[in-house]
Structures are given as C-alpha cells and as structure tokens.
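*Asks:* What follows is a single structure, and I will ask about it in a moment.
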Amino acid sequence: MHEKEVSLLKDRAETATRRVELLERKCESAEAAYQEVLVEYQNVQSQLRGELMELSAEVKMRAFENERLSLTCEDNARTKAKFELEKEMLQKKIDVLREELTLLQKQSSEESARDRAKLVLLREKLAAYETMEQEVDAALNFLAAEGKAVSGASVAGTFFTELFLG
Numbered sequence: 019m020h021e022k023e024v025s026l027l028k029d030r031a032e033t034a035t036r037r038v039e040l041l042e043r044k045c046e047s048a049e050a051a052y053q054e055v056l057v058e059y060q061n062v063q064s065q066l067r068g069e070l071m072e073l074s075a076e077v078k079m080r081a082f083e084n085e086r087l088s089l090t091c092e093d094n095a096r097t098k099a100k101f102e103l104e105k106e107m108l109q110k111k112i113d114v115l116r117e118e119l120t121l122l123q124k125q126s127s128e129e130s131a132r133d134r135a136k137l138v139l140l141r142e143k144l145a146a147y148e149t150m151e152q153e154v155d156a157a158l159n160f161l162a163a164e165g166k167a168v169s170g171a172s173v174a175g176t177f178f179t180e181l182f183l184g
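Each residue of the sequence shown is one higher than the one before, counting from 19 in our numbering.
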C-alpha cells in the first residue's frame, strides 16, 4: 500500500506539475495578451489625446472665428443703423429740396407770366410810340412843307412828354 500511495502521490505530483505548467502557460499567454491589449490601449489613448488636442484647437479656432464674426456682425449692424439714419436725413433733405423746387418753379412760372405780360405791354407801348413817332415825323414833314416855322425843341418836348407821361 505504501507503494500505491507513493505512486498515487507521484501521479498527483505529476498532475499538479502539469497543471502548474498549464497554468503558467495560460498565465504567460494571458500576460502576453494583457501586454498586447495594454500597448493597444496606450496607442488608442495616445491617438485619442492627439485627436482631442486637434479638436480642442479646432474648437478654439471656431470660437475665435465666431467671436470675430459676431464683432463683424455687430459692426455691420451699427454701420447699417448709421446709414439708415443718414438715408432718412438725406430723404428729408430731398423732400425739402423738392418742395423748394416746386415753390421756385411755381414762382418762376408766375414771374415768367408777369414778365410775358409786361413784355406784351411794353411791345404795345413801343408800337404806340413808333406810331406816334411816325405821326410826329409826318406832322413835322407836313409843317416843313407848309413852310410854317415850328421850333424843333417844342415838338421834341411835346413828343417826350407824350412818351413818358402818356
């Protein structure tokens, strides 16, 4: 029995040794797999850090661009408001100038009508004076032909009196 026990213990020792060897191989395999996963994890982590840095830089750039666009938008809004105000002022000036132009055109038309009326009257007076001058010339010629002595000064004085007082 002792031999049997020794044999049994040897079998158990061999089984335990094989089991230890198997577990050591599994442990080594698990350690190798762990190392591979660890390296892959570190690579992914490094890659993610790089992407995170790129995205962070892009976010900062977009934030800067948004701020710039916001300022540009505000500036454009102020400029637009300024131009709208200026446009309103200029429109009011144009309206005032149009009113003045209409008034001046009306006044000009009235003055032109008065001037035309005066011109017609002056032409009529001129025609009357020319007729009167012809009549005076005819009378002087008649008197000269009749031989009567008439003073030229009295005829001229009468003519000018008629002309200006007439």
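Every residue, glycine too, gets a C-beta built ideally from N, C-alpha and C.
Just verifying my parser: in three-state terms, what is the DSSP assignment at Gly-68?
*Replies:* Walking along the sequence shown from the start, residue 68 turns up at place 50. DSSP, reduced to helix, strand and coil, places Gly-68 within a helical segment of the structure shown.
*Asks:* Tell me whether Met-19 sits in a helix, a strand or coil according to DSSP, three-state version.
*Replies:* Locating residue 19 in the sequence shown gives position 1, counting from the first residue. It is coil, neither helix nor strand.
*Asks:* What did DSSP end up calling Val-138 once you bin it into helix, strand or coil?
*Replies:* Translated into the one-based positions of the sequence shown, residue 138 becomes position 120. Helix at Val-138.
*Asks:* If you draw a straight line from the C-alpha of Val-154 to the C-alpha of Lys-124, how long is it?
*Replies:* Here residue 154 corresponds to residue number 136 of the sequence shown, with the count starting at 1. Here residue 124 corresponds to residue number 106 of the sequence shown, with the count starting at 1. Near 44 Å, if we compare the C-alpha coordinates of Lys-124 and Val-154.
*Asks:* How long is the line joining the alpha carbons of Leu-40 and His-20, rounded to whole angstroms?
*Replies:* As a first step, residue 40 is located in the sequence shown; it is residue number 22 there, counting from the start. As a first step, residue 20 is located in the sequence shown; it is residue number 2 there, counting from the start. For Leu-40 and His-20, the distance between alpha carbons rounds to 29 Å.
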